[in-house]
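Comments concern the structure below.
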Amino acid sequence: MLAQATCTQAPTWAQARQLAYQCARPLPSTAVTLREAIGGTLTSPVTARQDLPHYASSAMDGWAVNSTGNSTAHGICTGPWLMTASGLPLAPGQASVIATGGLVPSGATAILRKESGCVSADGSLTLKHDAKPHETMPGRHIRPAGEEAAAGDVLIPAGTLLNPAHIALASVAGHDHVQIQRKPRVAVVLTGSEVVTSGEPAPGQVRDAFGPQLDTVISQLGGEPCGQLRIGDSYDQWLAALGGVEGSVPDADLPDVTVTTGGTGKSGTDHFRDAVAALGGRLLLDGIAMRPGHPAVLAELPDGRFIIGLPGNPLAAIMALMTLGEPLLAALADRPLTEASLMTSGADMEPDPRRTRLVPCTVIHDLVFPASHTGPGMMRGLAWANGYMAVPPEGVAAGSPVPVLPLPWT
1 MLAQATCTQA PTWAQARQLA YQCARPLPST AVTLREAIGG TLTSPVTARQ DLPHYASSAM
61 DGWAVNSTGN STAHGICTGP WLMTASGLPL APGQASVIAT GGLVPSGATA ILRKESGCVS
121 ADGSLTLKHD AKPHETMPGR HIRPAGEEAA AGDVLIPAGT LLNPAHIALA SVAGHDHVQI
181 QRKPRVAVVL TGSEVVTSGE PAPGQVRDAF GPQLDTVISQ LGGEPCGQLR IGDSYDQWLA
241 ALGGVEGSVP DADLPDVTVT TGGTGKSGTD HFRDAVAALG GRLLLDGIAM RPGHPAVLAE
301 LPDGRFIIGL PGNPLAAIMA LMTLGEPLLA ALADRPLTEA SLMTSGADME PDPRRTRLVP
361 CTVIHDLVFP ASHTGPGMMR GLAWANGYMA VPPEGVAAGS PVPVLPLPWT
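Numbering (the UniProt record's numbering), first residue to last: 1 to 410.
This is how it looks when you write it as structure tokens:
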């Protein structure tokens, strides 16, 4: 028999978000190559494996010079220096050609820029007449070892969301791999025998609104899409989709979360609950006091996998995914839950006793306005929205604050 849901009655929208966030523990971290790490969250700090740079290098193209014993009291030397082969130690009064980034030879006291020196026919190097005298002061244009970081310095702290510059820094610091928080693997099960995937639907048919968008939305919420499966409305297909892969593939390939579309109602063709029960799972949440998206369900299987049941109507499904999927994926990825911001409503929002209304909205001059075309089965309003309002059951008057959350693609 199916275990009882954690909530005996439909929780509020806010309670549902918290429940989805609190029901999961972070997934273990994993070591990945630097190319794979971009966009991941670092779980172990990146430190400098050696001094950066790890040798004294030239900051300019020109000549390495040794002015020992041939400088004024202020360290100024105008030469001449006798040219010698590059890469050899320099004795006092010697110089050698060097390129930017090149290893400063032993004995060098400064780097003379190419623009400031001149090599004569007899092989001696002198300052040009218009060169500034301080060009050869000790240490000039030498980038010392450890100038950027000393060995052991923390360069990127744990918890950082890695961007390309972080990856370059880790590479320069000598790392081939970094440890990041593993992203939740998310599979999608698309249902409905009336759904068509191409062309114009006939009466009684509908075009697929989920297949083209859900993988991208899941990625934007921090998940790793791992495949879509399209099934009909039979119980056997539901059972196979939710649990048939168990034992037939390595555990590492199983999804951490499965998102289903449709099948969460109470009709004879809605098999979500029966399939979860047959697999020994339990309902953590069965319905939410919100509109649209009330029939959303959150379940957990005995092996720890989660299943999010979305309603079949497109807007209702996306609002349910924001309510349950965003918090659950954040918890699994060890990220904080996105909090709503209070913004000023530009319109009166009517009350809906006992239910929170989730309304796609747009922000205009610091005021938030509801979008049009926001019925449960509509996508037009959401397509032009940059957030959604969580209108409390008592409604909101124009000029009053209303909670607003961003959409993952804005």
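Note that CB positions come from ideal geometry on N, CA and C, so glycine has one too.
Counted as a single uninterrupted DSSP element, the alpha helix (DSSP H) harbouring G243 occupies residues 235-243.
Counting every other CB atom within 10 Å of its CB across the protein chains shown gives Q237 a total of 16 or more, marking it as buried. For the pair of segments examined, the segment 27-37 was found to touch the segment 175-194: the number of CB pairs separated by less than 8 Å reaches three.
DSSP places Q181 within a strand segment (E or B) once states are collapsed to three.
Apart from sequence neighbours up to five positions away, the residues of its chain that approach S124 with a beta-carbon distance below 8 Å are G79, P80, W81, L82, M83, ordered along the chain.
Annotation: the segment 354-396 contains the following complete segments of the alpha helix (DSSP H) (minimum length 4 residues), in chain order: 380-383.
For A91 and A149, the gap between their C-alpha atoms comes out near 30 Å. The Cβ neighbour count for I167, taken over all protein chains shown within 10 Å, is at least 16; the residue is labelled buried. Nearest to G262 by C-alpha distance, out of L221, P353, F210, is F210. When DSSP states are grouped into helix, strand and coil, S345 belongs to the strand group.
Judged by DSSP in its simplified three-state form, F210 adopts coil rather than helix or strand. Under the criterion of beta carbons closer than 8 Å, G227 and A187 qualify as touching, at roughly 5 Å. Per DSSP, the beta bridge partners of D286 are V297. If you keep only unbroken beta strand (DSSP E) runs of at least 3 residues inside the segment 75-140, you get 81-83, 94-98, 110-113, 117-119, 124-127. Around the C-beta of N313, 16 or more other C-beta atoms lie within 10 Å, and the residue is accordingly described as buried. For A398 against W384, the beta-carbon gap comes to about 21 Å, at or over 8 Å, which does not count as contact. In the assembly as shown, W13 is a buried residue. Its beta-carbon has 16 or more other beta-carbons within 10 Å. In the three-state reduction of the DSSP assignment, P26 falls in the coil class. Counted as a single uninterrupted DSSP element, the stretch harbouring E36 is not any beta strand (DSSP E) but the alpha helix (DSSP H) occupying residues 34-37. Contact between A108 and A59 does not hold, since the beta-carbon distance rounds to 13 Å and is not under 8 Å. For L315, the enclosing alpha helix (DSSP H) begins and ends at 314-320.
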